[in-house]
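Student:
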Amino acid sequence: AREQRWEMHVRAAADGQRIVHLIDRTGSYATDRIRVDFVANASHELRTPLASILGFVETLRDEAGDEPAIRDRFLKVMFDEASRMRRLVDDLMSLSRIEAEKYRAPDRSVDLEALVEEVRSEIVSTHNGRASDLIVEIGELPPVTGDRAQLSQLLHNVVGNAMKYGRPGTPVTLAVRYEAGPMVRITVSDEGEGIAPEHLPRLTERFYRVDSGRSRAMGGTGLGLAIVKHIVERHRGRFDIASTPGVGSTVTILLPREALSSKRNVLATQAA
Ligand code: ADP
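UniProt numbering puts the first residue of the sequence shown at 140, with every later residue one more than the last.
#1: Run the proximity test for Val-349: is its beta-carbon closer than 7 Å to any non-hydrogen atom belonging to ligand 1?
#2: Since Gly-395 sits in a beta bridge, which residues does DSSP pair it with?
#3: Have a look at the DSSP bridge pairing and note the partners of Lys-148.
#4: Starting from Ser-388, follow its DSSP beta bridges and name the residues at the other end.
#5: Does the beta-carbon of Ser-154 have 16 or more other beta-carbons within 10 angstroms, so that it is buried, or is it exposed?
#6: Can you tell me the Cα-Cα spacing of Leu-280 and Asp-171, whole angstroms?
#7: If you count every other CB in all the chains shown that lies within 10 Å of the CB of Leu-193, and 16 or more means buried, which is it?
#8: In whole angstroms, what separates the C-alpha of Gly-352 from that of Ala-239?
#9: Within a Cβ cutoff of 6 Å, which residues of the same chain sit near Met-217, ignoring the five residues on either side of it in sequence?
#10: Starting from the Cα of Thr-165, find the closest Cα among Asn-180, His-183, Glu-142, Ser-182 and give me that residue.
#11: Would Tyr-304 be called buried (16 or more neighbouring beta carbons within 10 Å of its own) or exposed?
#12: Any heavy atom of ligand 1 closer than 7 Å to the CB of Leu-334?
#13: Where does Thr-312 fall in DSSP's three states?
Rendered as structure tokens:
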């Protein structure tokens, strides 16, 4: 339930009566609230690894620095914490860049088939060893009008989540299909622990996590799906996540195919 905010203006009418105007400010209040919370959360998320790095530097300087085994262990923790800060800053920058471009629709023709193949090989090489198998099913596809770098990030985030939260040894399936109509359908399914229904509507909120310990242990920033949501919105697409606890989750993304008659798109294809 969101808090109601009313603004009241009172003025005197000619006959001495008072006229009261009530203006509903609930919407803008909520937007302010989200912004304030976001800055507070981002600062907290950055401060935690920073505090840990400073703590380890202090300890190394004081005593533990003389003992090579301890020093190496501390350096490893510091490296991991600094890497986590860098991932956070990268994601924060991505979010603000995507938001800044919100009103400028992407206008390039993107070959999804080539993009999916590129993302597949990048994911397979980074998740090397510890990951589930990634199965890619791809049909005959029309080009979509999009921002290639952002669509790559979208695929990385969604497939990355399926690999992170899927049960080890179970497959992750990335399917891209076009049947008819204006939209190309991307689905990513995993056989992980799933997500309880009460969490589903909130997953695209910044820093919302079902299990923060788990997310952190997996190297998550809590911003992945917020970024996905913004990319989908900028592409005038649709995003949905369905899940059955104990069985797995399926993320569905619809992206508009390139309009056949659009002259601008033809030019973009030639330029690309
Ligand atoms: P994170 O960096 O924590 O993974 P995301 O924004 O990508 O952040 O996802 C938000 C939360 O949604 C995750 O912390 C996790 O709890 C949940 N989640 C996302 N994808 C899945 C999935 N495929 N299976 C189970 N839980 C998921």
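C-beta atoms are modelled at their ideal positions from N, C-alpha and C, and glycine is treated no differently.
Fair warning: this is a prediction, and the values are worked out from it, not measured in the lab.
Tutor: Result, derived from the coordinates:
#1: yes
#2: The sequence shown places Pro at residue 395, not Gly. Looking at the DSSP assignment, Pro-395 forms a beta bridge with Met-322.
#3: The sequence given here has His at residue 148, not Lys. As DSSP reads the structure, His-148 sits in a beta bridge with His-160.
#4: Asp-329, Ser-382
#5: Here residue 154 is Asp; the residue named in the question, Ser, does not match the sequence. It counts as exposed.
#6: 42 Å
#7: exposed
#8: 31 Å
#9: Ile-192, Phe-195
#10: Glu-142
#11: buried
#12: In the sequence as presented, Leu is not what sits at residue 334; that position holds Ile. Yes, ligand 1 has a heavy atom inside 7 Å of this Cβ.
#13: Note: Thr-312 maps to strand in three-state DSSP.
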